[in-house]
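**Q** I have a structure here, written as structure tokens, and I will follow up with some questions on it.
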Amino acid sequence: MDKQLFLQACNEVISQQPGLNGIGTLGEKTVHSVLKCYLSPEHLNHEVRVGGFVADICTGKEIIEIQTRSFDRLRRKLSSFLTFAPVTVVYPIHSTKWIRWINPQTGEISPPRKSPKGGSPYSIFPELYKIKNYLPDPNLSFKIIMMDLEEYRILDGWSQDKKKGSTKSDRIPTGLVKEIIIGGKEGYACLIPDTLEAEFTAKDYKLASGIPLKVAQTALHVLHYVGAVERIGKKGNSFIYRKIGGNNHE
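Using this note's numbering, you'd call the opening residue of the sequence shown number 269 and step up by one each time.
Written out as structure tokens, the structure is:
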């Protein structure tokens, strides 16, 4: 993790945009562009054709795909890329988010206001479930990048203040917080809260991670599938799990 390099990538990408009124007008959103520059400052490695697809980054030794959501769209790419080189899927999540509103008539942008909701690395689990069959591949790994950012939204919603149902314009990274690397079943242990007892249920996981029960159930399904936890019995209608392996934080 290199916070200074991340800020350099932010400055490089933002400086190429034609002022604040240009936010959201680019074909490629800012988070995606910043991460490409951060993960591979050599621009010749960007948007490289591999097989029948274009990789976000290809260094010759590794392929990196940046995906903010909809991991199901990666299935065909992964089937192809994994035959060429190891693949890392990068999943960006906001740690702290500041909201700024754009007036579509005047172009005026409001001062930033902090969102009460922080992002969670556990939000990757519903996405991992969509590509579950690829997870055991030893050439596939994931990198969760936690960052602070400003989110720009257009005041075009249906409510009186135009905020409810508004359009998200862009997200501008402002700082790197943490990177979490997941590779192999041992790597998934970093997504098992340390506060859990040796044996636990989905409800226990929910309380320890702060995520909804449905997401906790999906998380444990994935963790069991990759061999990071095992089922050792049942408590009523709930499985009892036991964790395996250690943590892998950066």
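Glycine is no exception: its CB is placed at the ideal position from the N, C-alpha and C atoms.
In three-state terms, what does DSSP make of residue 282?
**A** Position 14 of the sequence shown, counted from the first residue, corresponds to residue 282. Residue state, collapsed to three classes: helix.
**Q** Across the region 354-368 and the region 380-387, are there enough close Cβ pairs to call them in contact, namely three or more that are closer than 8 angstroms?
**A** yes
**Q** Counting along the chain, where does the alpha helix (DSSP H) carrying residue 343 start and finish?
**A** Reading the sequence shown from its first residue, position 75 is the one you call residue 343. Judged by DSSP secondary structure, residue 343 falls within the alpha helix (DSSP H) whose first and last residues are 343-349.
**Q** Can you tell me whether residue 436 is buried or exposed, with buried defined as 16 or more other CB within 10 angstroms of its CB?
**A** Position 168 of the sequence shown, counted from the first residue, corresponds to residue 436. Exposed, since its Cβ has fewer than 16 Cβ neighbours within 10 Å.
**Q** As a quick exercise: from 469, 455 and 397, pick the residue whose alpha carbon is nearest that of residue 508.
**A** For the purposes of this step, residue 508 is taken as residue 240 along the sequence shown, with counting starting at 1. The residue with the shortest Cα to Cα distance from residue 508 is 469.
**Q** Indicate the three-state DSSP secondary structure (helix, strand or coil) for residue 290 in the structure shown.
**A** The sequence position of residue 290 within the sequence shown is 22, counting from 1. Below a pLDDT of 50, predicted positions are generally treated as unreliable, and residue 290, at 48, falls in that range; the measurement from the model is reported next regardless. Residue 290 sits in a helix when the DSSP states are folded into three classes.
**Q** Helix, strand or coil for residue 295, going by three-state DSSP, please let me know.
**A** Taking the first residue of the sequence shown as 1, we reach residue 295 at position 27. Note that residue 295 scores a pLDDT of 43, beneath 50, so its modelled location is shaky; the value from the coordinates is reported in the next line. Coil at residue 295, not helix or strand.
**Q** Are the CB atoms of residue 479 and residue 390 within a distance shorter than 8 angstroms?
**A** For the purposes of this step, residue 390 is taken as the residue at position 122 of the sequence shown. For the purposes of this step, residue 479 is taken as the residue at position 211 of the sequence shown. With respect to residue 479, residue 390 sits close: the two C-beta atoms are nearer than 8 angstroms.
**Q** Please state the DSSP three-state secondary structure of residue 392.
**A** Position 124 of the sequence shown, counted from the first residue, corresponds to residue 392. Three-state result, residue 392: helix.
**Q** Suppose you measure from the CA of residue 400 to the CA of residue 275; what does that come to, to the nearest Å?
**A** Position 132 of the sequence shown, counted from the start, is the residue given in the question as residue 400. Position 7 of the sequence shown, counted from the start, is the residue given in the question as residue 275. Rounded to the nearest angstrom, the two C-alpha atoms are 33 angstroms apart.
**Q** Tell me which residue opens and which closes the alpha helix (DSSP H) that residue 483 is part of.
**A** Position 215 of the sequence shown, counted from the first residue, corresponds to residue 483. Segment 481-493, the alpha helix (DSSP H) holding residue 483.
**Q** Got a sec, what are the start and stop residues for the alpha helix (DSSP H) residue 501 sits in?
**A** For the purposes of this step, residue 501 is identified with residue 233 of the sequence shown, where counting begins at 1. First-last for residue 501: 497-503, but that is the beta strand (DSSP E), not the alpha helix (DSSP H).
**Q** Does DSSP put residue 219 in a helix, in a strand, or in coil?
**A** Nothing can be reported for residue 219: it is not among the residues displayed for the chain, which extend from 269 to 518.
**Q** Looking at C-alpha atoms only, which residue of 466, 476 and 441 is the closest neighbour of residue 271?
**A** Residue numbering aside, residue 271 sits at position 3 when the sequence shown is read from its first letter. When each option's Cα is compared against that of residue 271, the closest is 441.
**Q** In whole angstroms, what separates the C-alpha of residue 346 from that of residue 336?
**A** Numbered from its first residue, the sequence shown carries residue 346 at position 78. Numbered from its first residue, the sequence shown carries residue 336 at position 68. Going from the Cα of residue 346 to the Cα of residue 336 covers about 16 angstroms.
**Q** Check whether the Cβ atoms of residue 333 and residue 305 sit closer than 8 angstroms, and answer yes or no.
**A** Stepping through the sequence shown from its first residue, residue 333 is reached at position 65. Stepping through the sequence shown from its first residue, residue 305 is reached at position 37. Result no, Cβ atoms of residue 333 and residue 305 do not sit closer than 8 angstroms.
**Q** Whose CA, out of 375, 445 and 406, lies closest to the CA of residue 413?
**A** Residue mapping note: residue 413 aligns to position 145 of the sequence shown, counting from 1. Closest option to residue 413, Cα to Cα, is 445.
**Q** Here's a check: name, in chain order, each residue in its chain whose Cβ is nearer than 8 angstroms to the Cβ of residue 350, leaving out the five neighbours to either side.
**A** For the purposes of this step, residue 350 is identified with residue 82 of the sequence shown, where counting begins at 1. For residue 350, where only same-chain residues beyond five positions count, the Cβ hits under 8 angstroms are 402, 405, 407 and 408.
**Q** Apart from the five residues on each side of it in sequence, which residues of its chain come closer than 8 angstroms, Cβ to Cβ, to residue 464?
**A** In the sequence shown, residue 464 corresponds to position 196, counting from 1. Excluding residues within five positions, the ones whose Cβ falls inside 8 angstroms are 472, 473, 476 and 511.
**Q** Taking residue 494 as the reference, give the member of 382, 378, 393 and 284 with the closest Cα.
**A** Translated into positions along the sequence shown, residue 494 becomes position 226. If we check each option's Cα against that of residue 494, 393 comes out closest.
**Q** Taking residue 456 and residue 484 to be in contact with their CB atoms under 8 angstroms, please state how far apart those CB atoms are, rounded to whole angstroms.
**A** The residue you call residue 456 lines up with position 188 of the sequence shown. The residue you call residue 484 lines up with position 216 of the sequence shown. 15 angstroms between Cβ atoms; not a contact.
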